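Trainee: Sending over a structure as structure tokens; questions will come in a sec.
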């Protein structure tokens with residue numbers, strides 16, 4: 001498995017923000033995807049060690065994408081991102097196989113903490 005991270009969010013500025021936090025802290029970003037369908041394709045192609053995935057996206061949402069990725073790789077490590085007030089979706093994501101979640105707006109230290117926890 002490649003030692004890198006796949007960032008999935010339909011908002012390009014969010015992907016840029018997460019990428020910035022990760023790279024400043026020594027992590028490698030292998031790729032980005034703007035929806036769940038692309039996330040599954042990129043996961044297959046890049047085999048990242050971690051996926052940071054938004055829950056609410058067009059076409060295929062984060063929860064469906066988690067389920068699809070976990071079918072491909074039962075050991076996939078996925079951290080979900082959600083806006084405030086999406087607790088029910090976060091619980092659903094964890095049940096689908098996500099390892100942790102971070103809440104928007106992001107705090108850099110929380111992003112790094114989640115990444116380190118899930119990767120260790």
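In this note's numbering, the protein residues as written are 1 to 120. Ideal Cβ positions, reconstructed from N, Cα and C, are used throughout, including at glycine. From a predicted model like this one, the values you see are computed outputs, not experimental measurements.
1. May I have the straight-line CA-CA distance separating residue 70 from residue 13, to the nearest angstrom?
2. Please list the segments of the beta strand (DSSP E) lying wholly inside the stretch 30–95, counting only runs of 3 or more residues, in order along the chain.
3. In the DSSP assignment, what are the bridge partners of residue 7?
4. For residue 68 and residue 40, what's the separation of their Cα atoms in angstroms?
5. Please list, in chain order, all residues of the same chain as residue 21 whose beta carbon is under 6 Å from its beta carbon, the five residues on each side excluded.
Mentor: Concretely, from the data shown:
1. Position 70 of the chain shown, counted from the start, is the residue given in the question as residue 70. Position 13 of the chain shown, counted from the start, is the residue given in the question as residue 13. Distance between the alpha carbons of residue 70 and residue 13 is about 27 Å.
2. 50–54, 78–83
3. On the chain shown, position 7 is the one that residue 7 refers to. DSSP lists 32, 52 as partners of residue 7.
4. If you number the chain shown from 1, residue 68 lands on position 68. If you number the chain shown from 1, residue 40 lands on position 40. Going from the Cα of residue 68 to the Cα of residue 40 covers about 7 Å.
5. Position 21 of the chain shown, counting from 1, holds the residue named residue 21. Correct list, in chain order: 108, 111.
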